[in-house]
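**Student:**
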DNA sequence: GTCTATATTCTGATAGAC
DNA sequence: GTCTATCAGAATATAGAC
C-alpha cells in the first residue's frame, strides 16, 4: 500500500489509542466522539472517515485498550508468568485507582451488557484471552473451573475495589483476592 | 403526619420502586427521568417535588433495588442461610439474564465509580450489608478475607456471566464460582 | 403535587468546502 | 481526509397554570 493509506492507518491507530484510554477510564456514555477526536488531535468531522459509528469505535477500542493493558501488565514478568505473579501486579492499589494501566475487562464489565453484539463479542474474546493467559497459554479448548475462578477474583475483585468508596475496604478486597488466587 | 404527606410518601416509594428496577436493568445513563416517571404513572414535572436531581434519585434507588433483591434472594431460605445456599440461588442462570431479581451490586458495579460521592456511599453501604449477610450477620466489625472472596465470587461472577456473549462460558463461570464459594 | 410547556445544553451523525 | 457548519433528537432542569 502507498504512503497515503499508511498515513490513514496511523491516524486510525491514534484515534483508537485515545478512545481506548478514554472509554476505559470513563465508560461508553461519558465519552463523546468530540472528546476522542480532540484527544487524537482531530475534529469531529474526520471521525466518519475511519469508523461507521460510535459503537463500532467502542468495540475496536476495547481490544486496543486490552492489548495495551496486557503489555503493561506482563512486561516485567517472565515468558510464562505464574498466576501469583500476575495477580500481584493486577490487584495493585494503583490499578484500582486511575493508574496508567487500566484494564477494560474490569472497568467496563457491567457496561458491556447494554451494548450491541459487536461490542459484546469483542469483550468476550478479550476475556477469554486473559483466561488463557492465566492458564499458561495452554492449547486446551476448555477453561478449567479454577482458571475461571481466578479470572473472577482478578477482574471482579478489581472492579469492586474500584467501585467502593472506602479505601480500607478497597485494600482488603484486593488483598483477599490476591490471597485467594494463590491458594 | 396527615394523610396528605402520607400520600406523598407513597408516591415517592412508587417512583423509587420504578427507578430501582429500571436503573438496575439498564444502568444510569440509559434511563431518563421521563422513563422513571412514566413507569411510576406520572409525568416529568412532578419529579422535582420528590428529588433534587437524577443523581440523588439514583443513590436512593440503588438501596431500594438492593432491599428488593435481597428479599427475593433470601425469601425461601432459612433464617441464617449458609453461603452455599445463598450462592446456589444467587448464581443461577435466570439471575445472570434479565431475571426478576436483578442485583444492583452486580449489574451496576462498574457504573458506580463514575458517579458522585452520594451514589458511591450508597453502593458501598449495600455491598457491606451483603458481605455481612454472607458472614452470617456477625457483629464483628471486620470482614474476613474469606467472606470478601465469597463476595467477589458472587457479585463479580454474576457480573461477568452477564457481560459475556457466550452462553456456555456464562454457565461455566456461574458453576465455577458456586463451586468456589462452597470449597 | 402534578400537570404542560419550554429553556438550555449536548450528542451522534451528515453535508459540503478545500 | 480533514475541516467547519449544521441537522435532528434527547436529556436535565425550570416556569407557571391548575
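Protein chains in written order, with our numbering: chain A, 1 to 183; chain B, 184 to 366.
Using N, Cα and C, we set each Cβ at its ideal position, and we do this for glycine too.
Since the structure is predicted, the reported quantities are computational estimates derived from the model, not experimental observations.
Distance, Cα to Cα, residue 69 of chain A vs residue 313 of chain B?
**Tutor:** If I take the Cα positions, the gap works out to 31 Å.
**Student:** Kindly confirm or deny that the stretch 138 to 157 of chain A and the stretch 56 to 66 of chain A touch, where touching means at least three C-beta pairs closer than 8 Å.
**Tutor:** The answer is no - the stretch 56 to 66 of chain A does not touch the stretch 138 to 157 of chain A, with fewer than three Cβ pairs under 8 Å.
**Student:** Determine the chain B residues that contact residue 138 of chain A at a beta-carbon separation under 7 Å, and present them in chain order.
**Tutor:** Simply none; closest approach about 16 Å.
**Student:** Would you verify that the beta carbon of residue 348 of chain B is, or is not, closer than 8 Å to some beta carbon of chain A?
**Tutor:** So yes, residue 348 of chain B belongs to the interface.
**Student:** Which one of A:115, A:109, A:172 and A:52 has the shortest CA to CA distance from residue 379 of chain B?
**Tutor:** Residue 379 of chain B is absent from the model: chain B starts at 184 and stops at 366.
**Student:** Rounded to the nearest angstrom, what separates residue 310 of chain B and residue 174 of chain A at their Cα positions?
**Tutor:** Distance between the alpha carbons of residue 310 of chain B and residue 174 of chain A is about 15 Å.
**Student:** Would you tell me roughly how many angstroms separate the C-alpha atoms of residue 10 of chain A and residue 50 of chain A, rounded to the nearest one?
**Tutor:** Taking the straight line joining both Cα atoms gives about 11 Å.
**Student:** For residue 82 of chain A, name the three-state secondary structure that DSSP assigns.
**Tutor:** The answer is coil: DSSP assigns residue 82 of chain A none of H, G, I, E or B.
**Student:** Would you please verify whether the beta carbon of residue 355 of chain B is less than 8 Å from any beta carbon of chain A?
**Tutor:** So, interface residue.
**Student:** Are the C-beta atoms of residue 286 of chain B and some chain A residue less than 8 Å apart?
**Tutor:** Judged by the 8 Å Cβ criterion, residue 286 of chain B is not in contact with chain A.
**Student:** Residue 20 of chain A to residue 144 of chain A, Cα distance in whole Å?
**Tutor:** If I take the Cα positions, the gap works out to 30 Å.
**Student:** Straight-line CA distance for residue 283 of chain B to residue 290 of chain B?
**Tutor:** The alpha-carbon atoms of residue 283 of chain B and residue 290 of chain B are separated by roughly 13 Å.
**Student:** Cβ of residue 15 of chain A within 8 Å of Cβ of residue 40 of chain A?
**Tutor:** Yes. Within cutoff.
**Student:** Can you name, in chain order, every residue of its own chain whose Cβ lies under 6 Å from the Cβ of residue 177 of chain A, other than the five neighbours on each side?
**Tutor:** Taken in chain order, the residues that qualify are 91, 153 and 157.
**Student:** Could you tell me if residue 187 of chain A is buried or exposed, where buried requires 16 or more neighbouring beta carbons within 10 angstroms of its beta carbon?
**Tutor:** What the structure shows of chain A is the stretch from 1 to 183, and residue 187 of chain A is not part of that stretch, so it cannot be assessed.
**Student:** Using a Cβ cut-off of 7 Å, pull out every chain A residue sitting near residue 339 of chain B, in sequence order please.
**Tutor:** Neighbours of residue 339 of chain B on chain A, chain order: 152, 155, 156, 157, 159 and 160.
**Student:** Name the chain A residues that come within less than 9 Å of residue 197 of chain B, Cβ to Cβ?
**Tutor:** What residue 197 of chain B touches in chain A: nothing, since even the nearest Cβ is about 25 Å away.
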